[in-house]
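If you count the sequence shown from 1, you need to add 4 to reach this note's numbering.
Note that the Cβ used here is the ideal one computed from N, Cα and C, for glycine as well.
All figures in this text were calculated on a predicted structure; none of them were measured in a lab.
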Amino acid sequence: MPFIRKVLPKRQDFLFYISAMTTAVNTYKFVKEDTGRWYIDLPDWQGVKADLEMVEGADTMLDHVGEGSKIVELILAEEPFGGSSELQLIEDYKDHVGGGIYLLKEYEGQIVNQQMWLCDVTKFVFGKLPPFIYFKKQ
């Protein structure tokens, strides 16, 4: 029987692998209904539909990103990835109504300075209210 040598990964390869495994990147669908209201499509959500409505600037951002489309799919992550835009948490509303105010400084190279409130459904998606959310249109 031939001798088989097991090759162990280099330390930096292993760390990159672990980092890649812990950085979740997921795609979410947002739908604009005939009423003009935007909702995130979360089939596993156990709460009421109204909780999933995108309001207070998030709807405006989806109109801008969607360019007239009634369905927008966004790739979301807590770490930057190729071509992503950054939402920065600028005010935590945990002691008020929940969620927080996020700022979109720039989208696709254009300054927008769009503030938006993202409710506590954000915690359902990410497991917390992240200091930064990175997104890209699918």
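Local conformation of residue i per DSSP, three classes
{"i": "Ala81", "result": "strand"}
{"i": "Gly72", "result": "coil"}
{"i": "Lys53", "result": "helix"}
{"i": "Lys141", "result": "strand"}
{"i": "Asp63", "result": "helix"}
{"i": "Thr31", "result": "strand"}
{"i": "Lys127", "result": "helix"}
{"i": "Tyr111", "result": "strand"}
{"i": "Lys132", "result": "coil"}
{"i": "Ser88", "result": "coil"}
Nearest to residue i (by Cα), restricted to the options the options
{"i": "Pro134", "options": "Gly104, Leu108 and Ile115", "result": "Gly104"}
{"i": "Tyr43", "options": "Asn30, Ala62 and Val29", "result": "Ala62"}
{"i": "Gly113", "options": "Lys98, Lys132, Val35 and Ser89", "result": "Ser89"}
{"i": "Ala54", "options": "Val125, Gly72 and Tyr138", "result": "Val125"}
Other residues of its chain near residue i: CB distance less than 7 angstroms, five sequence neighbours each side excluded
{"i": "Met65", "result": "Leu108, Gln118 and Met120"}
{"i": "Lys127", "result": "Leu133"}
Close-in-space but distant-in-sequence residues of the same chain around residue i (CB under 6 angstroms, 5 per side omitted)
{"i": "Phe130", "result": "none"}
{"i": "Tyr106", "result": "Leu91, Leu93, Met120 and Leu122"}
{"i": "Lys33", "result": "Asp45 and Glu77"}
Residue i and residue j closer than 8 angstroms at C-beta
{"i": "Leu91", "j": "Lys140", "result": "no"}
Proximity test, residue i beta-carbon vs the ligand ZN heavy atom, cut-off 7 angstroms
{"i": "Leu56", "result": "In the structure on display, the ligand ZN does not appear, and there are no ligands present to speak of."}
Supposed contact pair residue j and residue i - C-beta distance, whole angstroms, cut 8 angstroms
{"i": "Phe136", "j": "Glu57", "result": "23 angstroms between Cβ atoms; not a contact."}
{"i": "Thr31", "j": "Gln142", "result": "6 angstroms"}
{"i": "His68", "j": "Tyr111", "result": "7 angstroms"}
Close beta carbons around residue i, own chain, < 8 angstroms, minus the five adjacent residues each side
{"i": "Tyr138", "result": "Leu80, Ala81, Glu82, Glu83, Pro84, Phe85, Ser88, Ser89, Glu90 and Leu91"}
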